[in-house]
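Trainee: Chains as they are written, first to last, in the numbering used here: chain W, 95 to 208; chain Z, -16 to 101.
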C-alpha cells in the first residue's frame, strides 16, 4: 500500500550547522504535508506545513521543500541548536477539505552535538 | 491548564487488569483522537471522535474501548491487554475533523501515556 517513509533513521548534526531531514511519500492524492517534532517525553509538536500547490515554505529557522515530481519532502533547519534534538516526523493528509487521515512516517532522530 | 493533557503519564498493568486513560483538551476543539506509538513504528490512528460521535474505528481490538462524554474529554478503557499493547498512547485534538480548501485542521497532541503491560 501507499505509505510515508523517511530515508535516514538517525541524523547527527554539529551545533550551528544546517540540518536536512528527508521524507519520501507515495500517495499521489496527498495534498497537504506536515512536519512534527517530538522531544523525549512529549507528544508531537507541529513545526511547519505545506500544501501541494506550493514547493517551498519558510518558517522561523525552518524551511520545507516539496518536490511532487519525485514525491519527496524535506525539512531544513538552519543553525541547528541543542534544543532541536528530537525525533522529526513527516505526515501526509490526503485531502484537507474532507476527512483524511494523517499518515505518519517512522521518524528521524536528530542528535545535535556540541 | 492549557493545550491537551493526559493522565496518567505512566501506567503499568497486568493482563487481567482494567484501567482507563484520560485525555482533556482546553482548546475548545470539536474533534479528538487516540493514537498508538510503538517503538520505531509510525503513529497508528486508533479512534476519532467528532462532537462526541465516533467517526473512525481503525480496526482496533475490542480490548480497547473509547469513550467521549463531551467534546473536551476522551477516555480509553483498557481490559485484558497483551504485552504487545505496551506503547505510548497519544491523544490529540483539532478544531474539526474536516478542513477547508484554504485551511487545515492542525492536530494538537498531548504528552502521552506510557503504558507497560506485564
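The beta-carbon is built from N, C-alpha and C at its ideal position, and this holds for glycine as well.
1. Alpha carbon to alpha carbon, what distance is there between residue 122/W and residue 115/W?
2. Can you tell which of 104/W, 117/W, 103/W has the C-alpha that lies nearest to the C-alpha of residue 160/W?
3. Let's see if you can read the secondary structure: which residues bound the beta strand (DSSP E) around residue 141/W?
4. What is the residue span of the beta strand (DSSP E) that residue 187/W lies within?
5. From residue 184/W to residue 134/W, what does the alpha carbon distance come to, in whole angstroms?
6. Answer yes or no: does any C-beta atom of chain Z fall closer than 7 Å to that of residue 140/W?
7. What residue range is occupied by the uninterrupted beta strand (DSSP E) comprising residue 3/Z?
8. Buried or exposed: residue 173/W, going by 16 or more other Cβ atoms within 10 Å of its Cβ?
9. May I ask you to list, following chain order, the residues of the segment 20 to 47 of chain Z that have a beta carbon less than 9 Å from some beta carbon of chain W?
10. Quick test of your reading: residue 130/W and residue 140/W, contact by CB under 8 Å. State the CB separation rounded to the nearest angstrom.
11. Less than 7 Å between the C-beta atoms of residue 32/Z and residue 51/Z, yes or no?
12. Return the chain-ordered list of same chain residues with a C-beta closer than 6 Å to the C-beta of residue -15/Z, the five sequence neighbours on each side being excluded.
13. Counting only Cβ pairs nearer than 7 Å, list the residues of chain Z close to residue 187/W.
14. For the beta strand (DSSP E) that contains residue 113/W, what are its first and last residues?
15. Give the interface partners of residue 90/Z over in chain W, defined as CB-CB distance under 7 Å, in chain order.
Mentor: In this structure, then:
1. As a position in the first chain, residue 115/W is number 21, starting the count at 1. As a position in the first chain, residue 122/W is number 28, starting the count at 1. Roughly 21 Å separates the two Cα atoms.
2. For this step, residue 160/W is matched to residue 66 along the first chain. For the residues 104/W, 117/W, 103/W, the minimum Cα distance to residue 160/W belongs to 117/W.
3. The sequence position of residue 141/W within the first chain is 47, counting from 1. In this chain, the beta strand (DSSP E) harbouring residue 141/W covers 139 to 145.
4. Residue mapping note: residue 187/W aligns to position 93 of the first chain, counting from 1. Here the beta strand (DSSP E) through residue 187/W covers 180 to 187.
5. Reading the first chain from its first residue, position 90 is the one you call residue 184/W. Reading the first chain from its first residue, position 40 is the one you call residue 134/W. Cα to Cα, the separation comes out at about 17 Å.
6. For the purposes of this step, residue 140/W is taken as the residue at position 46 of the first chain. Contacts with chain Z at 7 Å (Cβ-Cβ) include residue 140/W.
7. Along the second chain, read from residue 1 onward, the residue named residue 3/Z stands at position 20. Residues 1 to 8.
8. Locating residue 173/W in the first chain gives position 79, counting from the first residue. Label assigned to residue 173/W: exposed.
9. Result list: 20, 23, 24, 25, 26, 27, 28, 31, 33, 38, 39, 41.
10. Numbered from its first residue, the first chain carries residue 130/W at position 36. Numbered from its first residue, the first chain carries residue 140/W at position 46. Contact annotation, residue 130/W with residue 140/W: C-beta distance approximately 6 Å; criterion of less than 8 Å satisfied.
11. Mapped onto the second chain, residue 32/Z falls at position 49. Mapped onto the second chain, residue 51/Z falls at position 68. The answer is yes: Cβ separation under 7 Å.
12. Taking the first residue of the second chain as 1, we reach residue -15/Z at position 2. These residues qualify, in order along the chain: 9.
13. For this step, residue 187/W is matched to residue 93 along the first chain. Neighbours of residue 187/W in chain Z, taken as residues whose beta carbon is under 7 Å from its own, are 87 in chain order.
14. Locating residue 113/W in the first chain gives position 19, counting from the first residue. Per DSSP, residue 113/W is one residue of the beta strand (DSSP E) stretching across 113 to 119.
15. Taking the second chain and counting its residues from 1, one reaches residue 90/Z at position 107. Neighbourhood of residue 90/Z in chain W, by CB distance below 7 Å: 196, in chain order.
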